[in-house]
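*Asks:*
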Amino acid sequence: DAKTTQPPSMDCAEGRAANLPCNHSTISGNEYVYWYRQIHSQGPQYIIHGLKNNETNEMASLIITEDRKSSTLILPHATLRDTAVYYCIVRPPGRNYQLIWGAGTKLIIKP
Amino acid sequence: DGGITQSPKYLFRKEGQNVTLSCEQNLNHDAMYWYRQDPGQGLRLIYYSQIVNDFQKGDIAEGYSVSREKKESFPLTVTSAQKNPTAFYLCASSTRITGVGGEEQYFGPGTRLTVT
């Protein structure tokens, strides 16, 4: 199963776009990329997921490279409430229980 | 509002005692999960359940037990056999386990267990 690599921490100014990278160089063709975030001492929150195409929802955009070896989560206008740990996860199809959680990226939004 | 509730938020126990953590969901989800999180680390899967009266061990099931007698409830018991029980415990649910996409997991607020 693919594993992911994320920077341990990042800063972003409030109101700017936050771009969070994730490497998943061993991803298989049918594995999904998921993003969750966890605000301090709370349960994780689902953000977005994708397979091959770029995806956008009301929270964020997900850009997946053509070779699928990396992806970027974009928060278009970061607010202080976006300060959290962001987890990039690769999930095999048909095995929703098999989310392998790394340490994630601690994103700090600065005023 | 639909969601997942976990109680209590904080729990303190003496070493050697079993303790049961509650998890209830009103999302009508078939699948439920228990995770453990240690400081600065990601989540690790303890048990999961696809349907009532069925559950499977996750990666770190030793020292834990679960039951799934009702669709909406999935309690976790931390037994005295668990060597390092102090941790943050998270319950989650999803529509199903074997979907081909989507089926994101919804999480409860967690229970922080401290055993001394």
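Respectively, the protein sequence lines represent chains A and B. Reminder that position 30 of the first sequence reads as 32 in the working numbering, one-by-one numbering, no gaps. Reminder that position 91 of the second sequence reads as 93 in the working numbering, one-by-one numbering, no gaps. Note that the Cβ used here is the ideal one computed from N, Cα and C, for glycine as well. Owing to the predicted nature of the structure, the values given are computational and were not obtained by experimental measurement.
Taking contact to mean at least 3 C-beta pairs separated by less than 8 Å, is the segment 83-93 of chain A in contact with the segment 78-94 of chain B?
*Replies:* Segments in contact, no.
*Asks:* Taking Cβ positions, are residue 94 of chain B and residue 107 of chain B nearer each other than 8 Å?
*Replies:* Yes; because the gap between Cβ atoms is below 8 Å, this pair is in contact.
*Asks:* Assign residue 12 of chain B to one of two classes, buried (16 or more other C-beta atoms within 10 Å of its C-beta) or exposed (fewer than that).
*Replies:* Exposed is the call here.
*Asks:* Spatial neighbours of residue 17 of chain B within its chain, please: CB distance less than 7 Å, with the 5 preceding and 5 following residues excluded, ordered by chain position.
*Replies:* The residues are 117, 118.
*Asks:* Indicate the three-state DSSP secondary structure (helix, strand or coil) for residue 29 of chain B in the structure shown.
*Replies:* Three-state DSSP puts residue 29 of chain B in coil, outside helix and strand.
*Asks:* Residues of chain A with a CB under 7 Å from the CB of residue 43 of chain B: which are they?
*Replies:* Ordered by position in chain A, the residues that pass the 7 Å Cβ test against residue 43 of chain B are 105.
*Asks:* For residue 50 of chain A and residue 80 of chain A, which I take to be in contact (beta-carbon distance under 8 Å), what is that distance rounded to the nearest angstrom?
*Replies:* With a Cβ gap of about 15 Å, residue 50 of chain A and residue 80 of chain A do not count as contacting.
*Asks:* Grab me the residues of residue 19 of chain B's own chain with a C-beta within less than 7 Å of its C-beta, minus the 5 sequence neighbours each way, in chain order.
*Replies:* Here the set comprises 82.
*Asks:* Can you tell me which of the three DSSP states residue 53 of chain A falls into?
*Replies:* Residue 53 of chain A falls in the coil class under three-state DSSP.
*Asks:* Tell me the rounded alpha-carbon separation between residue 62 of chain A and residue 55 of chain B.
*Replies:* Computed Cα separation, rounded: 37 Å.
*Asks:* Just how far apart, CA to CA, sit residue 51 of chain B and residue 18 of chain A?
*Replies:* In a straight line, the C-alpha of residue 51 of chain B is about 41 Å away from that of residue 18 of chain A.
*Asks:* Tell me whether the beta-carbon of residue 24 of chain A lies closer than 8 Å to the beta-carbon of residue 90 of chain A.
*Replies:* Against a cut-off of 8 Å, the Cβ pair of residue 90 of chain A and residue 24 of chain A comes out as a contact.
*Asks:* How would you write the range of the beta strand (DSSP E) that residue 37 of chain A sits in, first residue to last?
*Replies:* Here the beta strand (DSSP E) through residue 37 of chain A covers 34-40.
*Asks:* For residue 93 of chain A, does the count of other Cβ atoms within 10 angstroms reach 16, so buried, or fall short, so exposed?
*Replies:* Classification for residue 93 of chain A: buried.
*Asks:* Could you tell me the distance, in whole angstroms, from the CA atom of residue 23 of chain B to the CA atom of residue 92 of chain B?
*Replies:* In a straight line, the C-alpha of residue 23 of chain B is about 10 Å away from that of residue 92 of chain B.
*Asks:* From residue 31 of chain B to residue 105 of chain B, what distance separates their C-alpha atoms?
*Replies:* Computed Cα separation, rounded: 10 Å.
*Asks:* Expressed to the nearest angstrom, what Euclidean distance is found between the alpha-carbon atoms of residue 108 of chain A and residue 35 of chain B?
*Replies:* C-alpha separation (whole angstroms): 24 Å.
*Asks:* Give the list of continuous beta strand (DSSP E) stretches no shorter than 3 residues that lie fully inside the segment 59-96 of chain B.
*Replies:* The segment 59-96 of chain B contains these whole beta strand (DSSP E) runs: 66-68, 78-80, 89-96.
*Asks:* State the start and end residues of the unbroken beta strand (DSSP E) segment that holds residue 8 of chain B.
*Replies:* Looking at the DSSP string, the run of the beta strand (DSSP E) that includes residue 8 of chain B is 6-9.
*Asks:* Going by beta carbon distance, what residues of the same chain come within less than 8 Å of residue 5 of chain A, once the five residues before and after it are set aside?
*Replies:* Cβ within range, chain order: 26, 28, 92, 102, 104.
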